[in-house]
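Quick note, the sequences are listed as chains A and B, same order. When we follow the UniProt record's numbering, the leftmost residue of the first sequence carries the number 1, and every step to the right adds one. When we follow the UniProt record's numbering, the leftmost residue of the second sequence carries the number 1, and every step to the right adds one. Just so you know, even glycine gets a beta-carbon here, dropped at the ideal spot from N, CA and C. Working notes, structure below.
2 protein chains.
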Amino acid sequence: MTTEVKPSSRERLLEAAATLTYRDGVGIGVEALCKAAGVSKRSMYQLFESKDELLAASLEQRTSAYVAMLLPATDDGRSPRERILHVFEQVESQASAPEFHGCPYLAVQIELKDQSHPASRVAHQVKANLTTFFRAEAEQGGASDPGLLARQLSLVFDGASARAGIQADSLTGLIAPTVTTLLDAAGVR
Amino acid sequence: MTTEVKPSSRERLLEAAATLTYRDGVGIGVEALCKAAGVSKRSMYQLFESKDELLAASLEQRTSAYVAMLLPATDDGRSPRERILHVFEQVESQASAPEFHGCPYLAVQIELKDQSHPASRVAHQVKANLTTFFRAEAEQGGASDPGLLARQLSLVFDGASARAGIQADSLTGLIAPTVTTLLDAAGVR
Chain A
1 MTTEVKPSSR ERLLEAAATL TYRDGVGIGV EALCKAAGVS KRSMYQLFES
51 KDELLAASLE QRTSAYVAML LPATDDGRSP RERILHVFEQ VESQASAPEF
101 HGCPYLAVQI ELKDQSHPAS RVAHQVKANL TTFFRAEAEQ GGASDPGLLA
151 RQLSLVFDGA SARAGIQADS LTGLIAPTVT TLLDAAGVR
Chain B
1 MTTEVKPSSR ERLLEAAATL TYRDGVGIGV EALCKAAGVS KRSMYQLFES
51 KDELLAASLE QRTSAYVAML LPATDDGRSP RERILHVFEQ VESQASAPEF
101 HGCPYLAVQI ELKDQSHPAS RVAHQVKANL TTFFRAEAEQ GGASDPGLLA
151 RQLSLVFDGA SARAGIQADS LTGLIAPTVT TLLDAAGVR
């Protein structure tokens, strides 16, 4: 028999904030967040200075799982080209889920429209780290211009996530040929 | 002497809705919209069934100016390749404005997270028309797979607008080489 540890108020608030803002947007009210978490407003404000801080912490807390889902394992023996394609296979597979609303770190920045918001700053960093990953792989793979390729792959990542998130496109037969064309043009074989 | 026609309550509401939702997001309240437009709530609800309908109408009303700004004139004598590149030059030039928050028709769909919302439906149609433009030009330009190229260009359009809108990238030296690579790969000379 395993002993189940009941999640703390803090954990339940982080979970509710991540889930509800992704589903409904950053405009979700404090009441709704507290209700979903089963935590009083008073307790919430004891744990977090503000809703903004709760939102930032909820994005921060999800980051390691998100990165692990998206990126290949370090030194998995595959080529840079394969490691880059791995990321886009994950996006394509995620995007087919009915509850997919695009990259949460892109959505939160578009919704907040304020790059100095604590949640925007967390999201900005997560996305900058993805560009850094692309750039390192591009360099490793001998890209003619690793900086440009990293920016292009970030653009495709965000464009694909956004379009799938608004159901403008399914990504099937789109994302792999696009990334392949860019890798070929950069000389990453 | 020209006679200035004072904008009607309806026009002022449409203008306020378009401007404020683009700047602050779809969560903007009815009070704020009416205040900016100088129109009473009572008058607003006489003109529009709901805030949702006002939002949809404001997007609809901006569409012709948006399309005229973005697309080249019909039969301007340029090649399909140049006509496609024209669209992306407009995006790059728009994106450098400090008040740029990305494509308004993408943002509203990401924010609403509900494709059946009347404003999402307007936005979806505007974006579908852009893909139709790309497809027609791709066919005209002899693309090997016009459907794929149109999807790729739409993806680049949304990725570029989104990234510039959240200040993740400036687009300079990015959008033209990316589109050029895709046009070359599709055989559009």
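query	result
Opening and closing residue of the alpha helix (DSSP H) in which GLY159 of chain B lies	146-165
Per-residue burial, LYS41 of chain A [other beta carbons within 10 Å of its own, 16 or more giving buried]	exposed
Rounded straight-line distance, which links the Cα of GLY159 of chain B to that of VAL67 of chain A	20 Å
Beta-carbon spacing of GLY25 of chain B, GLU137 of chain A below 8 Å	no
Within 8 Å, strictly: CB atoms of THR178 of chain A and LEU155 of chain B	yes
Cβ neighbours of GLU89 of chain B in the same chain (closer than 8 Å, five flanking residues each side left out)	ALA176
As assigned by DSSP and simplified to three states, the class of ARG78 of chain A	coil
Whole-number beta carbon distance between THR21 of chain A and LEU47 of chain A, since they are thought to touch under 8 Å	The Cβ separation is near 17 Å, so there is no contact.
Proximity test, Cβ basis, 8 Å: THR172 of chain A and chain B	no
Within-8 Å CB hit, GLU99 of chain A to chain B	no
Pair within 8 Å by beta-carbon distance, LEU153 of chain A and ILE84 of chain A	yes
Chain D contact for GLY159 of chain A (CB, 8 Å cutoff)	Of the protein chains in the structure, A and B, none is chain D.
Every unbroken alpha helix (DSSP H) within the stretch 95-137 of chain A, with a cutoff of 4 residues, ordered by chain	104-112
Coil, strand or helix - PHE88 of chain B by DSSP	helix
Inter-residue spacing [alpha-carbon to alpha-carbon] between GLN61 of chain A and PRO72 of chain B	46 Å
Beta carbon proximity, GLY27 of chain B to chain A, threshold 8 Å	yes
Span separating the alpha-carbon of GLY102 of chain A from that of ARG23 of chain B	21 Å
Nearest-angstrom Cα separation, counted from SER43 of chain B out to LEU149 of chain A	53 Å
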